[in-house]
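Student:
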Amino acid sequence: MLTYTFRRLAMSVPTLLFISLAIFLLLKLAPGDPVANQPLTIPPEVRQKMREALGYDQPLVVQYWKWLVQFFWVEPLVLTDHIFGTNFSDGKLRILSWQHRAPVMDIVVQRLPQTLWVVGTAYVVAILIALPIGIYSAYRQYSVFDNAGTFVSMVGFSMPPFFSGVLLIVIFSVNMPRDSFWWFPSIYDTTLRVTSWDTFQAQIRQMVLPVMVLALQITSQLSRFMRASMLDNLNQDYVRTARAKGLSEWVVVMIHVLRNSMIPVVTVIALGIPTIFGGAIITERVFKVNGIGDQLIGALFASDIPTVMTLTFIFAILIVVFNLIADILYGILDPRIRYD
Amino acid sequence: AGHEGPRGRDGEVKIIYWQAPSIMNPFLSGGTKDIEAASMVVEPLARYDPEGTMLPWLVEEIPTVENGGVTEDLTQITWKITPGLTWSDGTPFTSADVKFTYDYCTHPEGGCAQATKFEGVASVETPDEQTVVVNFDGPTPFPYGPFVGNESPIIQAAQFADCMGAKAPECTEANFKPIGTGPFVVTEFKPNDVISMVANENYRVDGKPAFATVTFKGGGDAAAAGRAVMETGEYDYAWNLQLAPDVIATMEQGGKGKPVVGFGTLVERIMLNHTNPDPSLGAEERAVVRPHPFLQDPAVYKALSMAIDRALLVEVGYGQAGRVTCNWVPAPQLYASTSMTCDTQDIEGAKKLLDDAGIVDTDGDGIREKDGVPLAILFQSSTNAVRQDFQALIKDWWEQIGLSVELRNVDSSVFFGGDPGSPDTFQKFYADVQMYANNFAGTDPQAYLGNGLCDKAPTPASQWQGENISRFCMEEYDALHKELAATGDLEERGRIAKELNDMAVANGMMIPLVDRGRLSAHSVTLGGVDLNTWDSELWNVADWYRIK
Amino acid sequence: MTEVLAEAIITEPHPATNKWADVWRQFSHHKGALIGLLFFAFITLFVLIGPYIWTLDPNKLDIRAKDMRPIYTVLWNGEARVGWNHPLGTDNLGKDLLAQLMQGGRTSMAVGWTGMVLALFIGALIGVVAGFFRRLDGPLMRFTDLVLSLPILPLLLVAVTLFRESLSQMLGIETGMFILIVTIIGLTSWMQTARIVRGDVLALKEREFILAARSIGTPNNKIITRHILPNVLSPIMVSATLGLATAIITESALSFLGVGFPPDFPTWGKQLADAVPRMTEYPERVVLPGLAISLTVLSVNYIGDGLRDALDPRIRGR
Amino acid sequence: MFRQTLSVIGNALIGDQDMLDRPLVSLRNLRVEFQTKDGPVPGVEDVSFEIAPGETVCVVGESGSGKSVSSLSLMRLVEFGGGQITRGQLLFDRGESHGGVIDVAGAGDGLMRTIRGNEIGMIFQEPMTSLNPVFTVGRQLTEGLRVHLGMSKEAATERALDLLRQVRIPEPERRLTQYPHELSGGMRQRVVIAMTLACEPRLLIADEPTTALDVTIQAEILALIDRLKRETGTAVLFITHDMAVVAQMADRVVVMYRGRKVEEGTVEEIFENPQHDYTKSLLAAVPKLGEMTGKSAPEPMRLMGSDNDAIRPIVVQEDKVLLDVRHLTTRFPVKGGFFRRTVANVHAVEDVSFQVKSGETLSLVGESGCGKSTCGRSILRLVEPQAGDVLLDGENVMDFGPEELRLARRDMQMIFQDPFASLNPQMRLADQVAEPLHNFGIGTAGERAEKVAKLFDRVELPRSFLRRYPHELSGGQRQRVAIARALALNPKLIIADEAVSALDVSVQAQVLNLLMELQADLGISMLFISHDMAVVERVSHSVGVMYLGRIVELGPRSAIFEDPRHPYTQALLKAVPVADPRRRKTEKDLNFKPIPSPIFPVGHVPEPSTYEEVTPGHHVLKGGWGGFDRD
Ligand SMILES: Nc1ncnc2c1ncn2[C@@H]1O[C@H](COP(=O)(O)OP(=O)(O)OP(=O)(O)O)[C@@H](O)[C@H]1O
Ligand SMILES: Nc1ncnc2c1ncn2[C@@H]1O[C@H](COP(=O)(O)OP(=O)(O)OP(=O)(O)O)[C@@H](O)[C@H]1O
Ligand SMILES: [Mg+2]
Ligand SMILES: [Mg+2]
Ligand code: NI
């Protein structure tokens, strides 16, 4: 198991390097110009000056190498400095955004918590809703509940978040009276700090709508998986053995079957997390949550290549890491899998 | 009335810009969102009011030739800083800061976005702490470029001393939290998201600002911003709501806020190509060979203009935030020509005009020919919903008068991107006509009118640099512009400018369509809002207050 | 001998027929799938034949007839501006909603289908090859994992901005965008199919009939086409139904983010995205395309369910 | 006719309410229906029988005859499989302390739960899947104890250890913390048995508990159940389709056919004096070990209802070696470590040599995993051997390139074990049988169709089946299709890898007869791979016994069966149950050690196989091998 984990870890290094190169080249091919968004009143000579100041004219290899060094060497140093109060990174150039000229990682650190909060909560909520639905649908296959569940989850799956998001806003922010319990803010207040019960409530309230939108999508997919997996296992021989032992239905289904059904579902959940970050981009935009998805879109539209590069790479790392976690979880949950 | 009292009495004001500010240093970004956000903190020596008149801001008075602030030969201007001014950190504001600002922006490696403001400046001198003398290379009839308006504010020398040139981007703290003289001070800056500000304790006016804190939120889309102000009431002020008129109208019914409109110099126009864009000519010649086979015929471009129902375009695209214009320079009043009218569509008139000029359909395909060349037009524009609607409408009208029109749209980042390698930039103009909007900063149109000079045409020789997009070229025009550049008297400048405007339009440089205003919305409880299109919209944020 | 004949009579389930007739019989037993198929056929005809019957140009601006409501609004609102010339109403510029819906459907369906077919083709090809040829398995699966680790949506956005111009140049903006979007969707969504197919092929390879085929001298390419492909058809079908849905939704997300088709080129996703600001006054403008997407996805999923059952000989045999 | 008789017997039994020997269980007129798309279908119909305390009742019958459904009904587990008890009573005597006789068919859920596992225990057919893969053996063992007897965790663990010792699992402490996949099939089945015994049930239901197991393990499990029955006095309901097992275990036998009981009686009555035709044909179809003693050549079985006059022995016509296998060695690499290099090899086939003459049948027997299949596949080069030569008609198959190999396969065909897996479910039968002709471009389309139809006739399948799909056929019919496919190219050699193992006895007999008939008619040579000694005795001219990758004994059939020399062969023959209730085996007869692992590190060089020729043609491996030492 340990060898396996190390093997996978070792293997992900070239994978990540390759991905970084792929992303870099793709971005470099893109026709975007960091000063394209500046107003027309700025004359071309000034634009050219600005481009030069951004380092846009350096050769490709230099830019890539610089980025690699900054990402894998300077940024970790900055992190150590931050934690241990050392100053290894003094004087070293960090990855700077072309848009706001600040270190990209600082912004990422600033924004990541929101994404994690919203996406995390949505995920937890979705799991809490999806699993029971999936279990019950499978247990009562072809019942009214099951059929209704199928229908609703399909609709949920096919509803794009920009639609469900605005729909929720119209219902809960526009048409609800402001003092009603059911009124929820349509714009995420990113300055809110949870310091008291009231602010905590406010935080919960402003998370309700984005979490609902995200959770709807995840729930519809996850409950399908759960159902399929439960169905696979409900017909297994060991279930009959468990029943023959005289165990109650609850124990049979919720312990024997569930544990086995969770094996593929956990993988789906783990592998789904990175995609959720991607999917959260639109939700973050609709509700103006200052997460990294929103940052990515902003950077893309502003041709802020260092930011786009760093963020997509962070996404790639997330995916690789969660892949690894999924594999390891698989091994833990399923004793049959032994990675020698 | 009823809104006087101690500083910070009205608590919090919440502003939403659907384009999020990414930096608070206007010299490192030319984006309106960044400049306007910064205008609450850093200020210029003088700025414009909603009518476009200059107001002394950090100075006693506006220097003119009359009061001796500007020398007779128009090469030097002297600003007198109001005594006793302090930065928000309590240190005195001196002429050294002003000179530093000049040095900062003109540093060759700094990539200063506002470098044009200092074009023609030979040097800046500081005879004493309160006096700033700006020397120009030559006579400058309009010497109010440097240090005037929201694009040219003064930054603190002490804070930015180590941020000159190549190091400019690395000064994150300074770029995010500049020390200024404005009514607010940044406490937290989250790029592309939110700015938190508090009232400046050292602000020069007692009892201002009325708000203790500002939350300046950015991001999303215009519809959401409008909704947040006018429908849900979560925000007090929403900037630049580029939305369809009916959407604005419905939002207004929400009753929590109302839209305000201001007009500046932004004109949506159709540029007519003065060179032949025929693809068979080859990449280098397409933008050089003159003239265009038919567009320079007055009958043609006049007919094109007459066929357009501008009022309908306004209604469809901009509603309250637009008005019909026949001018290239629609404002300020001093420079706005009134000699032309164009607000009624006249399809029949246009047909007749063409018929009279002998441009008729000779081969029976329904399309007119001029000297055997069919009037087939390639009409390009940037990709944008309103522009495509306009294209569809205009195509329809032009086809009614006997032209054939092909539409094309190009992604705006490419269209305006200026990449010399791309064939789709608006500079290359590989089409017969193209539609976009442009304006000028400040109130003086001289440089803007300079966009009609022959030598400003983007060509292969100039690496496609240059602002004379239609490659219009007229000796008389060049001569008249020279005259403008040498005239100091305002009235006289106005007369020449109007004449230049008329000359360009009447000779088929462009077909102006819509004078596009700025539509913003503010909460019904927010008082003191006075929409300004000549300067920052937030120019008078110190005067804002809560209506109780 | 007698025994054999007796058995023969007993195990005769249906008169012997060909496979697809059997598949169809099983399929038609699945009520959801049948309704799905009917609806899908309806919507396909609607977008394919519709524009020939309802010949109004979807991009024609009929400004005098703008903001008309669908004809059915009169049921509860007598004052509503309706008319048979625009049965589903018009938008704020007087474009006919019905015509837009048909035209948009054509694009959306075309994007969905081609994107899906492309993804399936790549996925099935890589899956089969990786599963079948042990030597290629490692490299191909590494490659699949690699593509899986690419952050799709961001790359999608980058790629659209990247190739939009050059392609529009070559093929015209609409065809260019279509090919671009479809290719991107195809290139970014084949991995799951490849994985599933590979897994199934690996399992199939262990089944004795593959070994049997080899022992009777069937060459590799015949083994793949005759024995492997028909047996992985069912997971491929399931991927297909999901793929169609994802392709339609992805396109709409691109439209929402403003990097999809040009503004004068309707798709369901874009209609939906464009109508969102006017959702309260003109709900039909979001509901109709939204419903079209949802119901198409739903029906395709049910068809997929039915097909999976119908293609599974174990179920079909019953 | 017989049904009437039976119901009379049944009624007589019901009337018998004597306190002392009242039955533990009595099924009365049980009818179970399954809901299908074509309406309700009966799974069993009007079944009645009884089990007395301490008695072993065997239920026999072919696949699908309703054996499992009856037993599952008794546990009321059919309902979870979609069945429903629509008629009849299932009386179960819970003993005086628990309220006497109840009708299980009408019992509530709660009551059933206290009965299941506690008073009735059940062992299932598939040891590989009947344990939950994700819980430890210990947990699964103690679960029932804690539910039914309310034991604490420690007490339950203690008891679990006791149970494991009782079923004679080595190292019981370690097993508790292991997961099912870490145990062999035999051990798993013992765990299941221990689990069912946990609460000392009054009735033990064993539903084909040994079908999936090797003879040796089967013998042990049977002995174990027998011993436990004797020690604890539980009644046993034993379900099987294997008559030899019945002979070994039963006190009384119930014969089922197509959902009905057709006959019932003591084991001796049934074996010696079967009444019903079906029972008779069943018994006739069972190959019995020792039946062929004294006969030199194999001969088809005498089956009920078939043309028995035609039976004649199959003699080898000419003395020509068709297949000559020399020092065949096949190994599978085991990869491991950080760089996934080959760290060890599974020595699946190790230095195997034998010869098959034209028209001869050589059988390979041995336990699961000993390398029989690998050997067969290596000959066809469906897996690549490491070393050795395979000479077919004097040509070395090992030297062939891909295309030559493909052509060579015209002469060698294979029939596989699983009739359900060896046909492509998506292809019509005619196409599948025609496929080899296709591959070698033989004949025109019309000729091929004609040939395929003839082949169907040959294997006695109606021509109407040509257009069918495999799922529309029974197992036996499918195996005939597979045979037809193998015959299509007129091969000289057929390798039959467990070709009849998955089939019911009666069907198995038919298929065996068919194979032998074909051999007699066409003079085909056969390499017959099987683990069933009785079948092997029936079909082969010569036999090779494989153990751990090597042939330990090779010789004419009579020599192997009548004069086994190698200790492994002797042990194997001892373990085979005999279909004769008067020749039961006891636990003492068995001496089996666990089979050693065939995995050796990379550098390992095994010594070559050397044989001693004890009588002409009878070779026995010299020296010790895998724990079996000769002398
Ligand atoms: N879940 C089910 N749904 C429908 N029919 C069923 C189901 N389970 C069993 N049957 C039918 O009931 C009949 C008896 O099946 P049962 O499983 O008892 O056979 P069996 O004698 O145990 O066979 P085997 O030896 O193969 O285990 C068969 O005809 C079978 O098709
Ligand atoms: N493809 C393979 N890779 C690795 N090991 C294998 C492979 N095939 C077979 N083995 C191993 O080779 C040995 C012999 O297997 P084989 O299938 O030949 O046994 P068998 O005698 O046919 O058993 P059974 O009676 O169960 O069919 C076993 O230990 C098995 O685990
Ligand atoms: Mg059974
Ligand atoms: Mg085998
Ligand atoms: Ni009878």
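Protein chains in written order, with the working numbering: chain F, 445 to 784; chain B, 194 to 741; chain Z, 55 to 372; chain A, 102 to 732. All residues carry an ideal CB built from backbone N, CA and C; glycine is no exception.
Taking isoleucine 613(F) as the reference, give the member of Gln558(F), Pro458(F), Thr727(F) with the closest Cα.
Tutor: Here residue 613(F) corresponds to residue number 169 of the first sequence, with the count starting at 1. That would be Thr727(F), whose Cα lies nearest to the Cα of isoleucine 613(F).
Student: So what does DSSP say about proline 67(Z), is it helix, strand or coil?
Tutor: For the purposes of this step, residue 67(Z) is taken as residue 13 along the third sequence, with counting starting at 1. With a pLDDT of 44 at proline 67(Z), under the threshold of 50, the predicted position of this residue should be treated as unreliable, and no value is reported.
Student: Would proline 310(A) pass as an interface residue toward chain Z - the criterion being a Cβ-Cβ separation below 8 Å?
Tutor: Position 209 of the fourth sequence holds residue 310(A). By this cut-off, proline 310(A) is not an interface position.
Student: Leaving aside the five residues before and after threonine 198(Z) along the sequence, list all residues of the same chain whose C-beta is less than 6 Å from its C-beta, in chain order.
Tutor: Indexing the third sequence from 1 puts residue 198(Z) at position 144. Met245, Ala248.
Student: What residues of chain A sit near phenylalanine 669(F), judged by a beta carbon separation below 8 Å?
Tutor: Counted from its first residue, the first sequence places residue 669(F) at position 225. Those do not exist, as phenylalanine 669(F) stays about 18 Å from chain A at its closest Cβ, beyond 8 Å.
Student: If the cut-off is 8 Å on Cβ atoms, which residues from the region 372-386 of chain B count as contacting chain F, listed in chain order?
Tutor: Glu381, Lys383, Pro384, Asn385, Asp386
Student: Under 8 Å between C-beta atoms, does histidine 282(A) make it to chain F?
Tutor: Numbered from its first residue, the fourth sequence carries residue 282(A) at position 181. For histidine 282(A), the answer is yes, since a Cβ of chain F falls inside 8 Å of its Cβ.
Student: Can you check which of these residues, Leu693(B), Asp282(B), Asp708(B), Ala654(B), is closest to glutamate 668(B) by C-alpha distance?
Tutor: Within the second sequence, numbered from 1, the residue matching residue 668(B) stands at position 475. Of the candidates Leu693(B), Asp282(B), Asp708(B), Ala654(B), the one whose C-alpha sits nearest the C-alpha of glutamate 668(B) is Leu693(B).
Student: Count the other CB atoms, across all protein chains shown, that sit within 10 Å of the CB of lysine 168(A); report buried if there are 16 or more and exposed otherwise.
Tutor: Residue 168(A) sits at position 67 when you count from the first residue of the fourth sequence. Buried, by the Cβ-count rule.
Student: At 4 residues or longer, and completely inside the region 261-324 of chain B: list those alpha helix (DSSP H) runs for me, N to C.
Tutor: 288-299
Student: At 3 residues or longer, what runs of the beta strand (DSSP E) sit wholly inside the region 390-443 of chain A?
Tutor: Contiguous beta strand (DSSP E) elements confined to the region 390-443 of chain A occur at 422-437, taking only those with 3 or more residues.
Student: When the Cα atoms are used, what is the spatial distance from glutamate 685(B) to threonine 636(B)?
Tutor: The count along the second sequence starts at 1 and reaches residue 685(B) at position 492. The count along the second sequence starts at 1 and reaches residue 636(B) at position 443. Rounded to whole angstroms, glutamate 685(B) to threonine 636(B) spans 15 Å at the Cα level.
Student: Identify the continuous alpha helix (DSSP H) that holds threonine 716(A) and give its terminal residues.
Tutor: Within the fourth sequence, numbered from 1, the residue matching residue 716(A) stands at position 615. From DSSP, threonine 716(A) is part of no alpha helix (DSSP H) but of the beta strand (DSSP E) over 712-716.
Student: Going by other Cβ atoms of all chains shown within 10 Å of its Cβ, with 16 needed for buried, is arginine 169(Z) buried or exposed?
Tutor: Here the question's residue 169(Z) lines up with position 115 in the third sequence. Before going further, note that residue 169(Z) is glycine rather than arginine in the sequence given. Glycine 169(Z) is buried by the Cβ-count criterion.
Student: Since asparagine 113(Z) meets chain B, which of its residues come closer than 8 Å, beta carbon to beta carbon?
Tutor: Translated into positions along the third sequence, residue 113(Z) becomes position 59. Simply Ala585.
Student: Quick one: is proline 316(Z) near chain B, going by C-beta distance under 8 Å?
Tutor: By 1-based counting over the third sequence, the position of residue 316(Z) is 262. Yes, proline 316(Z) lies at the interface with chain B (some Cβ there is under 8 Å from its Cβ).
Student: For alanine 421(B), go through chain Z and note every residue whose CB falls closer than 7 Å to its CB, in chain order.
Tutor: Along the second sequence, one-based indexing puts residue 421(B) at 228. Those within 7 Å of alanine 421(B) in chain Z number zero; the least Cβ separation is about 13 Å.
Student: How many Å lie between glycine 645(A) and isoleucine 661(A) at the Cα?
Tutor: For the purposes of this step, residue 645(A) is identified with residue 544 of the fourth sequence, where counting begins at 1. For the purposes of this step, residue 661(A) is identified with residue 560 of the fourth sequence, where counting begins at 1. Roughly 8 Å between the two C-alpha positions.
Student: Return the bridge partner residues of proline 710(B) from the DSSP annotation.
Tutor: Residue numbering aside, residue 710(B) sits at position 517 when the second sequence is read from its first letter. At residue 710(B) the sequence reads glycine, which differs from the proline that was named. Its beta-bridge partners are Phe456(B).
Student: Taking the beta carbon of alanine 60(Z) as the centre, do at least 16 other beta carbons fall within 10 Å, making it buried, or is it exposed?
Tutor: Residue mapping note: residue 60(Z) aligns to position 6 of the third sequence, counting from 1. A caution first: alanine 60(Z) carries a pLDDT of 40, below 50, which makes its placement in the model unreliable, though a value can still be read off. Result: exposed.
Student: Starting from phenylalanine 572(B), trace the beta strand (DSSP E) both ways and give me its first and last residue.
Tutor: Mapped onto the second sequence, residue 572(B) falls at position 379. Element bounds for phenylalanine 572(B): 569-575.
Student: For the region 170-198 of chain A, enumerate the residues whose C-beta is nearer than 7 Å to any C-beta of chain F, in chain order.
Tutor: Met176, Leu178, Phe181
Student: Select from Gln492(F), Met670(F), Ile758(F), Ile720(F) the residue whose C-alpha is nearest the C-alpha of threonine 565(F).
Tutor: The residue you call residue 565(F) lines up with position 121 of the first sequence. Measuring from the Cα of threonine 565(F), the nearest candidate turns out to be Ile720(F).
Student: Using the rule of at least 16 other Cβ atoms within 10 Å of the residue's Cβ for burial, across every protein chain shown, is leucine 102(Z) buried or exposed?
Tutor: Reading the third sequence from its first residue, position 48 is the one you call residue 102(Z). When all chains shown are included, leucine 102(Z) counts as exposed.
Student: Taking 8 Å as the threshold (beta carbon to beta carbon), is methionine 3(Z) in contact with chain F?
Tutor: The question about residue 3(Z) has no answer here: the residues shown for chain Z are numbered 55 through 372.
Student: Return the CA-CA distance between serine 602(A) and alanine 635(A), expressed in angstroms with no decimal places.
Tutor: Position 501 of the fourth sequence, counted from the start, is the residue given in the question as residue 602(A). Position 534 of the fourth sequence, counted from the start, is the residue given in the question as residue 635(A). Using only the alpha carbons, I get a separation of about 12 Å.
Student: Keeping to the same chain, check which residues put their C-beta closer than 6 Å to that of glutamine 593(B); ignore five residues upstream and five downstream.
Tutor: Here residue 593(B) corresponds to residue number 400 of the second sequence, with the count starting at 1. Contacts found: Ile540.
Student: Return the Cβ separation of threonine 431(A) and proline 486(A) in integer angstroms, given the expectation that the two are a contact with Cβ distance under 8 Å.
Tutor: Locating residue 431(A) in the fourth sequence gives position 330, where the first residue counts as 1. Locating residue 486(A) in the fourth sequence gives position 385, where the first residue counts as 1. Their Cβ separation, rounded to whole angstroms, is 4 Å, which keeps threonine 431(A) and proline 486(A) in contact under 8 Å.
Student: Report whether the distance from the Cβ of lysine 259(Z) to the nearest heavy atom of ligand 2 is below 7 Å.
Tutor: Start at 1 with the first residue of the third sequence, and residue 259(Z) comes out as number 205. False, no ligand heavy atom lies under 7 Å from that Cβ.
Student: Is it buried or exposed for isoleucine 357(Z), if we count other Cβ within 10 angstroms and need 16 for buried?
Tutor: Here residue 357(Z) refers to the residue found at position 303 of the third sequence. The residue is buried, with at least 16 neighbouring Cβ atoms inside 10 Å.
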